[in-house]
Structures are given as structure tokens and as C-alpha cells.
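Trainee: Mind having a look at this structure? Questions to follow.
And the structure:
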């Protein structure tokens, strides 16, 4: 498998002012990648965690009454457009439909943002970039991106890092030695293969790092894996037992 | 097939003050056509992207408190009526029912807009025109235009541009050579024939342009088509593989 | 078939202060008839297009804050009662239940309107009349008039105008010659006979006028009928083809 | 059938301060009876038409801002308690649950009304009486009175007036002669026997009066019955034809 | 059956500061018992009738704007905590989930109430007691107390009073002689045995008292039982006839 | 079974700044444990009981108008971040989705909280810790933690205390002698074994303490167990009888 080209692709999209969608499971490194790219491109990053109750006003801004005066306060999207930042809408499908529609004019070739409430029409500077993330694993029938939204983005697929890189990440972020990190990554791989056995979502790299941190604090490896991996992954006793069996395989002592 | 008559029809409707509905799939050029017609007729264009939470007040206007005074601020529809603009309600079926009803008096022969909240009764000037867009492809049972709304519009059908024109568009907008543009358009045609195979919406011209932009930036054609066409179109692995097979057919190297 | 007696009946209801319900399909001339009767009786006409989000306050009025003071603003129903107008609630079943209840005291023999929020009790002057419209064609199970509301109105049925009258209307309003108008009316009749074939609503006179206007602007008759009649009526390809076949029958050249 | 005892029962309930529920179909005279009893007992009558959106605040009162001050405005129920009126909640099941609960403390032996928002505790004077109406005919599964509410009321059943009385009412209120009134009442009786044939609600006395008024204005009896009885009762063509057959039987000329 | 120990149990719970749940059908005397206990313990009683729309703010308090200042107004629960009253949440399952959660900190051993909006943390004085009522008879699947709420209360079961006591109550509160009261109580018992025959809720003592009051006012016993018992209990003709048969058995004259 | 290591694990998580999830049934001591850890670590504890209507603003803070000025008031989560407290979101799955999302940035390695409404970006001090509780026993299909939330926490499982410790707790908190406490704990164990027999939730230690308190107040043990354990646990007569049989086994006198 060749080295992945995410950095190249992202830079091409940035240069061409194309909006980008990061697709992949929780913990596959979408957010981490974007933080790196923002640093690499030298642009500020404005992140919005999308949810059911996020309104268009939360993104665009609203009037507040201060000192008897009504003052307009930019929302994070408007702010990002004004300063030419990278605006990141995390888990976009969680947002209400109107949020999705608000970004349409920013994603066609005019790259404009109309603030109906102030009457302003902002033209995004060349530095502005819109990025969304999307996890195809647990989309429901009622929550999905409309084709007219999806087809506005170049989509980069994300999966878990290759084992060698993941070992390095776990060792570096948790402080455990390479051998322990290698076993944790091996455990992660085994659990990810269980995916069809009733797990909603495979174990993320984050959980491996958590287990490493507990091991580094003196908790026994098996117990650390139970606390940081098995319990957070599932409430189903059968799934949990299967995971603990894998733990016992990897940490046999 | 003769040259299409959209421009003639639109100008006739404008001259006769008939409201117009643009029907067709995402990316078939409805918005682009309307921007051209607004420029051709020399009228400003006011666009409103409709969504679930769009209220009648968002269209008509509302009172805001500024400096201790309540001030009326026109919404985009009211604004368009006052200045004699073309008002474009994009994806009208996404809006709530009250939005749909608000436009009724503007679409009969009186062409009036009553602002209940200010008591004003605006008569639209001859230059004012109402245009809506509508995508019959993904209407659900719960979201549909009522007959009493539909039957107020002359309806112009849109489909993707004929191949020659689409090649020209892709080449011009992405910067790739004619041969690459021709292959991308060929790919688009092949994917559009998959429509019955589980695709919600065929690949739009926009996606072909995106792929061209990435190719022009040095991304290999196959990878560019994966990033800009296959991934944005579908999450279904089977559909995706089918699309990638088509990509491999068109770009065999 | 004898000349219809709508004018006589409406005048009797007006003289007896009975509320009236206009029943019939879209485009059968209910609104047009009411405008004529308002002019004939010399009373102003206040029209309210009902919709899902129409609240009782929208009909009755509300307090607004202006210049630091709370000021009561009459809604259209209250306004109509005060000035003795004809108040027309168009498509009443679209309104929320509370709208329907608000009109009850105006439709019994006391003809009173209580404004809870101001404490006022208005007695309608003899000139005041309440009229509602109702389209039995596309009522759903969830949207229906309760018997306790329905049984407060004298109901006048409306259907499309007889052919001769409709020819005159189409010719006069679109500017086409009598022969073309006759063919358009013939087409309307043929389409109305398709009603059981999957059409939600038959073609209204308005659509025939639109087609006439396009023909008068130089669009070929068949294309004009496609734009103004076939496309607005249905998205179903089978229905559409059937309609276009009828068009070809009526305009064989 | 003995003379009914509604007046005696109502007066006994009033004397004993028992709340009363009037049960029966639309147009059976519940409201008319209550207006009579209020006049007979010399008490003002405060009527509230209940609906889906009636809040507890609509009944109890609310604070309004006037002249920069927050002023409490009594709602109709509070007002009725203060002045010792008869308070009539018409079609109580249409109201939201909280309305129903608000009246509980007024219907037990303490007869108190607590205004949480002002901190007041009102004790109802002996003259205050609470009356609700209820139509068992079209209650749905979701809209019903809870037992803990129902069992707080003495329930008086209402049905249509006996034929002789109904003839007198129709003759007096519409101005037609006794023979015409007798035929209209006969028609009403025949239609009420159709009840199982798909009619939601039988023809009320009010509709008979409306038909009489139109006849008195010169409309032919059959047409008057069509306008005022057949059309308001049902949209179902079969039911309607059945009703028109009955009309033809009663008015054979 | 030994004399019931509700008073002893309630006093023990009060002394131990345990919250209490009163369980039982409508009209079994839960509210009456609590009023007695409040009088016996010399504590004020604050009652809140719970319903669908009761918010946490309704219980805790809210800010109001008076004279240009925002003033905090205690809700009934806060008020009861401050003055050391018995706070009674009647029919708690009718309330929204957030109401239920608001009382949690008052029911564990800290007995505290945090007012997020004022930043106050109230510690309940020893005299404060929380009591809820709950009718297991008509709980639906969607409305139920969560285990984490239920298990915070000592639960006292209530049923109808024993016949001798009920006779005394009916005689005393309605003014009828003992023989009539005995027959009414006998009727109540017979109807309660019908419970499985389609009655949502058995006849409460209150209905027997109502019937007694009407009899005492001169209404014939059978008619009084129809008005005050049969009609309020059910709309179902079969159930009603069954109840009237029982009435005829008890009052054979 | 070795001594449990909750304290060690929690201290390791605190030192490593890992967020913690406490999993287990009602009454297993999750809240009690957290209160102990907050005391042990010398950090203030801010508790939020989550419910259906808890908004992001309730957690983060909101603007209030006081003295004519708009003043920002921190919510409990913001407050906890500012002062470096332990913030405890009790029964997190009860909260709306937006609450869950609000905590995401506090649970990744940046540990930041953005207040969109004030524009502030708070970085949590090292002393700040986020803890949530979660009861896997009665989660429904619609209420569940998303994987992307769950996988941010180290999860510590809780169950009821071992018998010896539970005897000590019951004796100490209720004042009964050890023998009575032992029997109550025995009863608790027997009831917990009924779990599959239709009990939503097993009897918590709290209920055993309640029963002890009533016994200590002089209520007979069987009656105390009925009041404090059997009745609060279930409304189902069969389950209740089973529980009372167990009571009779444990307290045979």
C-alpha cells in the first residue's frame, strides 16, 4: 500500500479553493489531520461541533442587547470568513438542515456568505476554506447529507493509521515502552476485526492511548485495557467477554 | 434534438409577468441559468436557499430593536419586491408550508405582497419576477408542493448539458485539456446511466469540474476521480466499486 | 343546466348574516367570485391565506413594543370586524385548530369577537361577513374541518366554468384568438377527465391562461402547453406522457 | 317521555356548588342552555372556546409590559372567579392537559385558585360555578378526559330537542311558516337516522335554521337544503346523494 | 384487617426526614390524608398539580422584569424549602422528566436545592418534607417513574375507605340520612367490582358524595346516581347500562 | 475477589487528566464514591443532574438582563472549568444531544471550552476533571451514548457493595443493630437475584437504609420492608407478592 496522499490532496484543494469532506470512523485522526494542515498552511482553525440544536444563527451570528444597544456578534462561520480561516464543521450530519443549507453559497464558485439579518454580503477571501467531517459508519435513515450538499465537496477517506505509525503514536502520547505500545496496537487490530460481531464502532487510537496512560501510571495492563477499552466500547456482556479474551491473549501474564 | 429554448421561454414569462419554476436534478445548471438570465435582463437577483426552519418572517422581514426603537427590516422577498428584482427561492419544497403560502398573492394576477406586521400592501413593479427551483428526483411523500402552489408557475425542465457543451464547461472551468475533459464527461455519462443501481442523484457537472481541478493540480486522474466523484456520490461500497470500475475504464492507464 | 345561482345565494346569506363556505378545486374561481361579490356589495375584502403556522394571534392581533410603549396592533380578522369588511380565510383546513376555534363566536347568532389580550368584546356590525374556502379534493385524514366548525356555514359548491365561459376568459386574459382559446379549453376538459389516472388536481383555468400567454408571446402551442400545463401538473412520467398525447391531439400541427 | 329536568338539576348543582359537565353532540343546545341558565341565575357568563394551543396562562392570566411597568392581566378563568361568574370551558378535551389540571383545585371542596405567578390564592365566592362541555361523539384515543378530571363533575346529557320544540325553534329563528319548519325538522330526523351510514355528526338544529333562513330569502327549499344542510354535512358523494334523496322526499315539489 | 397505620408511618418518615410517595386510585383520599397530616404536624402545605407542561422553572422560580429591574420570584418548591413546608407534587408522573430530576438532590441525605439561575444553594430545614402522589392504575408505557426516582421514597398504599367509614363520610358531607348513605356506599362497592368490565377507574368517594348532595337537594335517587355517577364514569353505552342496572338494584323504588 | 481499585484508578485518571465514566445501577454508590474522591483530592464538586430539557446554555451559561445591562452568567460547566473543579454530569444519557457534544472539546487533549456567545476560549486548568455517570440497565434504543462520546472516557464499573460493607453502611446510617442490618442486606441480595423476574432495577442500598430507619422508629420490620422496599420497587402485584414472600423468609416472626 503506497504512502497516503492526504497532505497533497488537501493542499491541492486549498489552492483550488475547493471545500473538503473528511470521511471516516471516530478516532481515525480526521481532527488531528486538520489541525496539522491548518498549522502547515499557516491558517487559523475555527471548529464547530455540530449537534441537533445548532441553528443557522449559531453559525452566522446574532444580535445581542448590550448597554441598551443592539450589537451584532459574528458566529464562528462568519468569523472564519472574515479572517480567512479554515472553518471545520465536525459531524455535519448531526446539524439541522438549515445549517447545511447555510453553507451552500460558500461552496459554489461565488464563495459568498449573505447575512440576511445585517444585510451584509461577505465574499470569502482566498485563504478561507470550508471543511466538514462525516462518519459513514453510524448514519441513520433520518440523518444523512442530501446529494445537493454532498456533491459540493472533495472527499478524503480516513481509516486508522497503519500499525507502525499507530505504535509510534501510542508510545509517544502515553509514555509506555514500544513493546507495550505494540501489544496495545495489536489488541486494537484484533478488536477492529470484531466489527461485525456487534460493535457499533471499532476501538479508536485514543482508547489505546488511554490504556497506555493508565499502564504508565502503574495500573496492571489487563485492568487498564478493561477500564479504557472494554468498558467504553460496549455494554453487551457477550461482546465485553470477547474483548477481554482478546486482552488476555495479548497480555498473557 | 433542437437547441433548447430556455432563454426565449424565460423572456416570454418575464414579459408576461408569469412566475417560473425551474425543475431538474442537482447540478443541471438551474442556478447558473438564472444568474445568466438576471444579467441578461439587467435585474438584480435575490437568492434564498430554502430549508426546514425558514419562516415567513425570514422572507418578509421583522422588527428589530435598535437604539431603543423598534425598526422594521425587510426580508429578502420584500426587498426584491421593492426594488423590482428577480427573487429566487431555491429548493422551495424544503421550506415550511407557510413560506409557500406567503408567495401566493405574488403569483396571481394582482401581484401583491401584504406585510401583516406593518400593515403595508406592496404592489410588485413590472420588473419583479418570482422564480422557484424544484428537484423532482428526491422529493419524499411528506415534502411536496401542493397543487394550489404548483399550478401558479410556468415550469422549465432542466437536464444535464449536452456532451459537447459539458466538455467545454469542464475544460474551461478546470483548466484541463479537451481530451481529459472529454473523458470526464464520458465518465459522468456512464455514472448517470447507473442511476437505477442505487444512486440517489447522478454525478453533477460540478463534480466533473472538481475532478478536473485536482487533475490540473497534478493529482493522478484515477485518484482525482475517486476523491471528487466516487467518494462524494455514495457511501455504499458496492456502488462505489462500480463507479471506480467505470473510472478505470475511462482512464485505463 | 340552468344558470348558477351563486350570486343570489351569496346575497341571501349576506342579508341574513350567515357565514359562507366556498367549496371546490383549485382554480375553480372561488377567490375570483369572492372578489366580485365584495365589489358588488361594496364592502372591503380582507384575505388571509391560512397555513400550518398561522396562530390565533396572527388573526386577532398582538402587542408590539414601539417607542418604549406596548401598542396593540389589530390582526386581519379583528380589523375586518371593526370596519365591517368581508373576511376571507382561504384554505381554512391548513390552519391550526386554534384558528378554527377563534371564529366560532363570530359564526353563531351573537357574532362577537372577544380579544382576551385586551379585554375587548367586539360585536360585529351587520356589514361584517365571514367566508372560508375549502378544497375537498386533497384533504388528508389529519387535516379536516371538525363537524362543529363545518356546520356553522352555508356551503356553495364551485366547479370549473362552463366551456363557453372558460373560452371567453382564456381569450380575454391571454390575448389569443378564440380558436386557440377553444382548443386550450378543450385540452383542459380532456385533462380533467384524466382525474382518476393519478392526477392530484385537474388543470385549472389559470394554467390555460398561462399557456395562452406563452402562445401569444410566440412560443409554439405544443411547447407552451408543455411548459404551462404538463410540467406544472405532474412529475410522474406516465401522467406527463398522457398529457402530452392530449396536447398533440388538440394541437395536431 | 317526561319533561326533562335539566333546569332543576343545574339549579341543585349551583346551590350545592358542584361543577357541571354538559355532554352531547354539536348543536344539541348545550351552549344555548347555559346562556339561559346564566340569565336565570343572574350571573355573568365567561366562555372560553378550548383548543390545542390554549395554555394555562391563557386561562389564568399573564404579565404584560405597559408603560415600562409589568402589569398582571387576569385571564378569563381568574376573572370569572373574582367576579363570581359562571365560567364555561367549551369542548374541554381540545385543550392541553395543563388546562385540565389547572381547574382541579377549583373543583374540590376548597374551591381555590392559586396564581403561581403572582403568589395569590383566590377562594371562589359561592356564586362562582365551573361548567365544561364534552362531545362523546368524536373523541379520539389521544384526546380524552382523564378519570381524575371527569369524576369531579355532575354530568347532564343533552340530545336534540323533541320535534315539537324543534319546529318552534326553526320557525321562530328563521321566519318560515310552521309547515316548512315541520318539514325541515322531519328532514333533520331522517338525516339523524343516517348516523351509522358514515356521517360524523348528525345535522344540528342550527343547520335547519340556516336552511329556513335561505328559504325565507326566496331560495327554493330543495336548493336551500342542499346549500345549508347537505354540503356542510359531508364531502362524501354517496352520503351527499343519500341526503339529497331525503330532501326530495320531504320537499317533493 | 387491623386499623391502618398511615399516620404512624407518616410521622416516622417525617421524623426521619424521609420523602414519602402516596400510591392509590383517584378519590382514595390521598390528598385528604395529606391535608390532615400537615394540620397534625403543624406545617404549611404547598401543593403543585403536575402536568405535561410543568417546567423546572415553574417549580424553582424565575426572573421577572418589574419596574425595569429583574427580580427573582421563588417557585412553589423553593418557597416550601425556604419556609420548611410540606411540598406535595400531585400526580408526579404527569410532569416532564426535568421536574422529576429537580427533586433528586432534595431526596438524598444532603437535602439540598441548587438554584442554577441565582447561584443559591439552599439546605432544606428539618421541617421540610417532600411528598408525591402516584396512581398506578392508569400509567402508560411512556409515563412512568424511573427506578432512580421511585427508589427515593417510602411508599404508603391507599385504597378506598372501609365501608363503615365511607358511609360516615358520605352522610356527613352530603347531608343525606345514614340509610341513603349506606346504599350509595353499597352502590360504590358494586361498581368497583365492575373494574374489569371496561371501567378505567372505579367510582370515587367524591362521586358518592355528589350523588348524596343531589338527593339531598330533592333529585330522585336514581336520577341523582345517573347524573353524578353513571355519566361521569363512562361514555360506553354498555358500561353505562350495567351501572344503571346496579343503581336500580340498590334503589329499587 | 480482590479488593477493588476504584480509588487508585480514579487517582491515575485524575493525574493523567483523563475524563472518567462511572457505570452501574442506581444506588450502587457512584455519587457517593465521587463525593469521597472530590474530598480526597481536595477539589470542589459541581454536580449537574441531566434531563431531557437540559440545554447547552444551561451548562455553559447565558446572558441575563439586570439593571438594564446584559450580564453573562456562567453555567455550572463553565464555572467548574474556571475554578478547576470536578464537574459531574449525572445520568448523561438523559440529556439532549447538544449537551453531549458540548463536552467533546473538554475531553480531547486540548481540554478547551469555547463559549460561542461571549467569544471566550477557556483552557481547563490541570485540576479540572470531567466525570459522567451512566446506568446501562435501563437505556432505551433512542437514548444511548454515541460511540464518538463514549470512547472519550475511562470507564469504572460499579456494583452494589460487598455484603459485609453493606451491613456496616445500613447499620451506621439507619441506627438499627447489626443483626437487623444483616437481615436487610440478606433481603437485598435475595431481591437482586429476582432481577430477571420482571424488576426494572434491583433494590438499592438506599432502600435498605430507609427500611432500617423505619424499623428504628418503631415500625414492625415486615411492615417497614413493605413500605420502604416492596412498594417503591414495583407496581406489579405478582412481583410484589414475591418480594413480600422474601421479606417473610428473612423476618419470620
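Chains as they are written, first to last, in the UniProt record's numbering: chain G, 1 to 253; chain H, 1 to 253; chain R, 1 to 253; chain V, 1 to 253; chain U, 1 to 253; chain C, 1 to 253.
For each residue, glycine too, the CB sits at the ideal point set by N, CA and C.
Measure the alpha-carbon distance for residue 159/H versus residue 28/H and round it to whole angstroms.
Mentor: Distance between the alpha carbons of residue 159/H and residue 28/H is about 5 Å.
Trainee: Return the residue from the list 51/G, 55/G, 237/G and 23/G that minimises the CA-CA distance to residue 236/H.
Mentor: 23/G
Trainee: Where does residue 100/V land, buried or exposed, given buried means 16+ other C-beta within 10 angstroms?
Mentor: buried
Trainee: Go ahead and label residue 74/V buried or exposed: buried means 16 or more other beta carbons lie within 10 angstroms of its beta carbon, across all protein chains shown.
Mentor: buried
Trainee: Starting from the beta carbon of residue 15/V, find every residue of chain U whose beta carbon is closer than 7 Å, and list them in chain order.
Mentor: 217
Trainee: Can you confirm whether residue 238/G, when its beta carbon is compared against all beta carbons of chain C, has any partner nearer than 7 Å?
Mentor: Not closer than 7 Å to any Cβ of chain C, the Cβ of residue 238/G fails to qualify, so no.
Trainee: Quick check on DSSP: helix, strand or coil for residue 54/R?
Mentor: The answer is coil: DSSP assigns residue 54/R none of H, G, I, E or B.
Trainee: If you reduce the DSSP assignment to three classes, tell me which class residue 179/G lands in.
Mentor: helix
Trainee: Using a Cβ-Cβ cutoff of less than 8 Å, which residues in the same chain neighbour residue 35/G once the five nearest sequence positions on both sides are dropped?
Mentor: 45
Trainee: For residue 21/U, which residues in chain C fall below 9 Å Cβ to Cβ?
Mentor: Near residue 21/U (Cβ distances below 9 Å), the residues of chain C are 231 and 232.
Trainee: Hey, quick one: how far does the beta strand (DSSP E) through residue 49/C stretch, first residue to last?
Mentor: 45 to 49
Trainee: Taking Cβ to Cβ, would you say residue 12/R is nearer than 7 Å to residue 20/R?
Mentor: no
Trainee: Using a C-beta cutoff of 7 Å, does residue 210/C count as contacting chain U?
Mentor: yes
Trainee: Applying a beta-carbon distance threshold of less than 8 Å, which residues of chain D neighbour residue 49/G?
Mentor: The structure shown has no chain D; the protein chains it does contain are G, H, R, V, U and C.
Trainee: Where do the N-terminal and C-terminal ends of the beta strand (DSSP E) with residue 133/R fall, by residue?
Mentor: Residue 133/R -> beta strand (DSSP E) spans 129 to 134.
Trainee: Check for me: the alpha helix (DSSP H) holding residue 238/G runs from which residue to which?
Mentor: 237 to 250
Trainee: What separation, rounded to the nearest whole angstrom, lies between the Cα atoms of residue 166/U and residue 123/U?
Mentor: 41 Å
Trainee: Where does residue 155/G sit, in a helix, a strand or coil, going by DSSP?
Mentor: Residue state, collapsed to three classes: strand.
Trainee: What in chain R is Cβ-close to residue 156/H, meaning under 8 Å?
Mentor: 227 and 231
Trainee: Name the residue from 116/C, 162/C and 26/C whose alpha carbon lies nearest to the alpha carbon of residue 56/C.
Mentor: 116/C
Trainee: Can you give the Cα-Cα distance for residue 151/V and residue 7/U, rounded to whole angstroms?
Mentor: 27 Å
Trainee: Give the DSSP-derived three-state secondary structure of residue 140/C in the structure shown.
Mentor: Residue placement at residue 140/C cannot be trusted, given a pLDDT of 48 that sits under 50; what the coordinates show is reported in the next sentence. If DSSP states are grouped into helix, strand and coil, residue 140/C belongs with coil.
Trainee: Taking residue 165/G as the query, report the chain C residues whose CB atoms sit under 7 Å from its CB, ordered along the chain.
Mentor: Neighbours of residue 165/G on chain C: none; closest Cβ ~17 Å, over 7 Å.
Trainee: Using only the alpha-carbon positions, how far apart do residue 134/H and residue 113/R sit?
Mentor: 42 Å
Trainee: Mind checking whether residue 147/V and residue 201/U have CB atoms under 7 Å apart?
Mentor: yes
Trainee: Rank 164/C, 78/C, 234/C and 59/C by C-alpha distance to the C-alpha of residue 125/C and give the top, closest one.
Mentor: 78/C
Trainee: Thinking C-alpha only, which one of 61/C, 87/C, 241/C and 245/C is nearest residue 120/C?
Mentor: 61/C
Trainee: Across the stretch 169 to 182 of chain H and the stretch 79 to 91 of chain G, are there enough close Cβ pairs to call them in contact, namely three or more that are closer than 8 Å?
Mentor: no
Trainee: In three-state terms, what does DSSP make of residue 223/U?
Mentor: helix
Trainee: Beta-carbon within less than 6 Å of residue 15/H's beta-carbon, same chain only, minus the 5 sequence neighbours each way: which residues are those?
Mentor: Excluding residues within five positions, none has a Cβ falling inside 6 Å.
Trainee: Output yes if chain H places a C-beta closer than 7 Å to the C-beta of residue 241/R; else output no.
Mentor: no
Trainee: Tell me which residues share the same chain as residue 189/G and place their Cβ nearer than 8 Å to its Cβ, disregarding the 5 neighbours each side in the sequence.
Mentor: 163
Trainee: When DSSP labels each residue in this structure, what does residue 5/U get in the three-state scheme?
Mentor: coil
Trainee: Does residue 159/H get closer than 7 Å to chain G when you measure Cβ to Cβ?
Mentor: no
Trainee: In the DSSP assignment, the beta strand (DSSP E) including residue 120/C goes from what residue to what residue?
Mentor: Bounds of the beta strand (DSSP E) holding residue 120/C are 120 to 123.
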